[in-house]
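Colleague: Under the numbering used here, the first residue of the sequence shown carries the number -4, and numbering increases by one thereafter.
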Amino acid sequence: MRRIVSKIETNSEQFAANFEHNVNETLALRERQQWAIDGGPGRERSIERHQSRGKILVRDRIDMVIDEGTAFMELSTLAAYGQYDDEVPGAGIVTGIGVVHGVPWMFIANDATVKGGSLVPMAIKQHVRAQDIALENDLGV
């Protein structure tokens, strides 16, 4: 097998500038994703009300179902980001792939702490996209 030789000059100013830019962009992306997972503005009250009724938060429900020690690969975390006055993080649903009894499954779950679990148009798109991914990859839903 032929060896791939890189011509990138890791000591150059251009490399350093690109590296710094990409690190900053990655940090910004992770902050946005965490914002969506945390639920955006005013969600604390919704979470308290939800839990006071004895209900389990959506990501906790998923964690209870997937095999212990396996990861949940969440998809479309930033759906609806910058839309609906940023009041609908993740479009109000959580989609992703998790393993149950050794078999990968697509999870689609409404988040009742976001707008009371109501659906916005972007949530429908996210839901359909998750179903398409499941179909393309032969995943149960």
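Backbone N, C-alpha and C fix where the C-beta goes; we use that ideal spot for every residue, glycine too. Bear in mind the structure is a predicted one, so any value in this text is a computation, not a measurement.
1. Pick out whichever of I51, A125, D106, P99 has its Cα sitting closest to the Cα of A31.
2. Pull up the CB-CB distance for V60 and V95, whole angstroms please, since I reckon it's below 8 angstroms.
3. Should the region 58 to 76 be called in touch with the region 4 to 21, which here means at least 3 C-beta pairs below 8 angstroms?
4. Hey, is A11's beta-carbon within less than 8 angstroms of any beta-carbon in chain C?
5. Quick check: V53 and V89, are their CB atoms within less than 8 angstroms of each other?
6. If I measure Cβ to Cβ from A104 and keep anything under 6 angstroms in the same chain, skipping five residues before and after, which residues do I get?
7. Cβ of K120 within 8 angstroms of Cβ of E82?
Modeller: By the coordinates alone:
1. Within the sequence shown, the letter at position 36 stands for residue 31. Looking only at I51, A125, D106, P99, the smallest Cα-Cα distance to A31 is reached by D106.
2. Taking the first residue of the sequence shown as position 1, residue 60 is located at position 65. Taking the first residue of the sequence shown as position 1, residue 95 is located at position 100. So it is a contact: roughly 6 angstroms between Cβ atoms.
3. In this structure the region 58 to 76 does not touch the region 4 to 21; the number of beta carbon pairs closer than 8 angstroms is below three.
4. Chain labels in this structure do not include chain C; a single protein chain is all it has.
5. Walking along the sequence shown from the start, residue 53 turns up at place 58. Walking along the sequence shown from the start, residue 89 turns up at place 94. At a Cβ-Cβ threshold of 8 angstroms, V53 and V89 count as neighbours.
6. As a working note, residue 104 is residue 109 in the sequence shown. The beta carbon of A104 sits closer than 6 angstroms to those of V53, V89, all from its chain and outside the five residues before and after it, given in chain order.
7. On the sequence shown, residue 120 is found 125 positions in, with the first residue counted as 1. On the sequence shown, residue 82 is found 87 positions in, with the first residue counted as 1. The answer is no: Cβ separation not under 8 angstroms.
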